[in-house]
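The sequence shown lines up with residues 62 to 459 when you count with the working numbering.
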Amino acid sequence: MKVLVVNCGSSSLKYQVLDMPSETLLCKGLVERIGIDGSVIKHEKIGMPKYVKEVPMNDHNEAILHVIDALIDREYGVVKNMSEIEAIGHRIVQGGERYDKSVLVTDKVIQDIRELAPLAPLHNPAHLLGISACQKLMPSTPQVVVFDTAFHQTMPAKSYIYALPYEWYEKYAVRRYGAHGTSHRYVTLRAAEMLGKKPEEVNLITCHIGNGASVSAIKNGKCYDTSMGLTPLQGLVMGTRCGDIDPAVIAYIAGKENIDAFEIDSIMNKKSGILGISGISSDMRDVENAMAEGNERAKLAWDVFAQRVKHYVGAYYAELGRVDAIIFTAGVGENSAPMRADICEGLENLGIKIDLEANNVRGEDKDLSAEDSKVKVLLIPTNEELMIARDTYEIVKA
62 MKVLVVNCGS SSLKYQVLDM PSETLLCKGL VERIGIDGSV IKHEKIGMPK
112 YVKEVPMNDH NEAILHVIDA LIDREYGVVK NMSEIEAIGH RIVQGGERYD
162 KSVLVTDKVI QDIRELAPLA PLHNPAHLLG ISACQKLMPS TPQVVVFDTA
212 FHQTMPAKSY IYALPYEWYE KYAVRRYGAH GTSHRYVTLR AAEMLGKKPE
262 EVNLITCHIG NGASVSAIKN GKCYDTSMGL TPLQGLVMGT RCGDIDPAVI
312 AYIAGKENID AFEIDSIMNK KSGILGISGI SSDMRDVENA MAEGNERAKL
362 AWDVFAQRVK HYVGAYYAEL GRVDAIIFTA GVGENSAPMR ADICEGLENL
412 GIKIDLEANN VRGEDKDLSA EDSKVKVLLI PTNEELMIAR DTYEIVKA
């Protein structure tokens, strides 16, 4: 079964085609600047050079049309016609308490995703655009939605309830939901394989650290706690998000700057984090380069990021009681050996010790542990698209 995996943003669309159940990746691509001047599609058939085509795309319907053209292209395509695509899987950021697993797309599911949009206003509406475009252009192809929040639905109430008036939870569903669940689920399953154990036998701390970042405590293979909250703003310092702060900052700055809570929310999401501290960039590579040139604010941003991750690792170690492995994944986690080393530094008394020579690696499954480390330190490149394809295949096959 050939499965098309779609991940829509407000002006972008990432896609892959995988042949299931062999899990063979056939092609992948990215459409950028949808509805903006300079729209472009970048398509790569595995084993061939990537091709890039700049073409006007006013909306996601037109973007999907160009994806279809790429998939059936005589030279760069992977199918003769779209009837060979037997299922489509979509990433959805927010499923609330309504969904603890992936499901087939129905009118009710679409309505639920729409109603949950206030909890993920930048993401859920964009995902709906992708679903709608696929429905119009491939009406007979079954579609599946895979929720990023579903993996975190196993958290106990003590992990997700906020110490706010309880009626806010009852009336407005104000609670911790987490994000990156598809990634945390993938690396949990892969870590169990690498450790030679069943998923239900492992306790892990999974560190998904990229421009967006989160840490999860995995107990017996299931999510027990996670750093992101009602929205992806809570938790770690991120590229442009502030992460954990004193909530009183909002009222304090509103008075000082004469701005409202919505503007402050925008600043905390888009102008804070690594960008806010460094004043340089939200990209950790730029920060690292600036550090090498002696930029003190870049060094401060780096140190704050590392310390926040370390804080959550220690907290989750205490919650779990026993930890089999610490997992590093996502852009920074997979590619920055210095950041992994800085996060692990000082954790030796917890039995966490990294081998600096083994740590000199990027983007491949690898055990980074020192020989005398009681807790394994594993590098596992995430593969959310594969998880989406797996769920889509199993649901449609059934």
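Note that the Cβ used here is the ideal one computed from N, Cα and C, for glycine as well.
Because the structure is a prediction, the values reported are computed rather than measured.
query: Delimiting residues of the beta strand (DSSP E) encompassing threonine 249; result: Looking at the DSSP string, threonine 249 is not in any beta strand (DSSP E); the run it does join, the alpha helix (DSSP H), is 242-256.
query: Simplified DSSP state of tyrosine 313, which is helix, strand or coil; result: helix
query: First and last residue of the uninterrupted alpha helix (DSSP H) at glutamine 295; result: First-last for glutamine 295: undefined, no H or E at that position.
query: Residue(s) in a DSSP beta bridge with aspartate 428; result: Leu439
query: Exposure of asparagine 185, with buried meaning 16 or more beta-carbon neighbours within 10 Å; result: buried
query: Span separating the alpha-carbon of isoleucine 320 from that of isoleucine 456; result: 48 Å
query: Assigned exposure category for isoleucine 449 - 16 Cβ within 10 Å defines buried; result: buried
query: Alpha helix (DSSP H) runs wholly inside the region 161-235, at least 4 long, in chain order; result: 168-176, 185-198, 218-221, 227-233
query: Distance between aspartate 286 and cysteine 405 (C-alpha atoms, nearest Å); result: 20 Å
query: Alpha carbon of glycine 138 to alpha carbon of glutamine 77, nearest angstrom; result: 12 Å
query: Validate contact between the region 338-348 and the region 260-269 using beta carbons, cut 8 Å, 3 pairs; result: no
query: Contact belief for phenylalanine 208 with arginine 246 at Cβ below 8 Å, rounded distance in angstroms; result: Not a contact, Cβ separation roughly 11 Å.
query: Residue nearest to glycine 70 in terms of C-alpha spacing, selected from Glu93, Arg369, Leu408; result: Glu93
query: Nearest residue (CA-CA) to cysteine 461, options Lys437, Val248, Ile133; result: Any property of residue 461 remains undetermined from this structure, which presents the chain solely from 62 to 459.
query: Beta-carbon gap between valine 235 and leucine 291 smaller than 8 Å; result: yes
query: Segment contact flag, the region 118-127 with the region 146-153, C-beta cutoff 8 Å, min 3 pairs; result: no
query: Neighbour-count burial assignment, leucine 417, 16 or more Cβ in a 10 Å radius; result: exposed
query: Leucine 91 - DSSP class collapsed to helix/strand/coil; result: strand
query: Short Cβ contact (8 Å threshold) for valine 263 with glycine 282; result: yes
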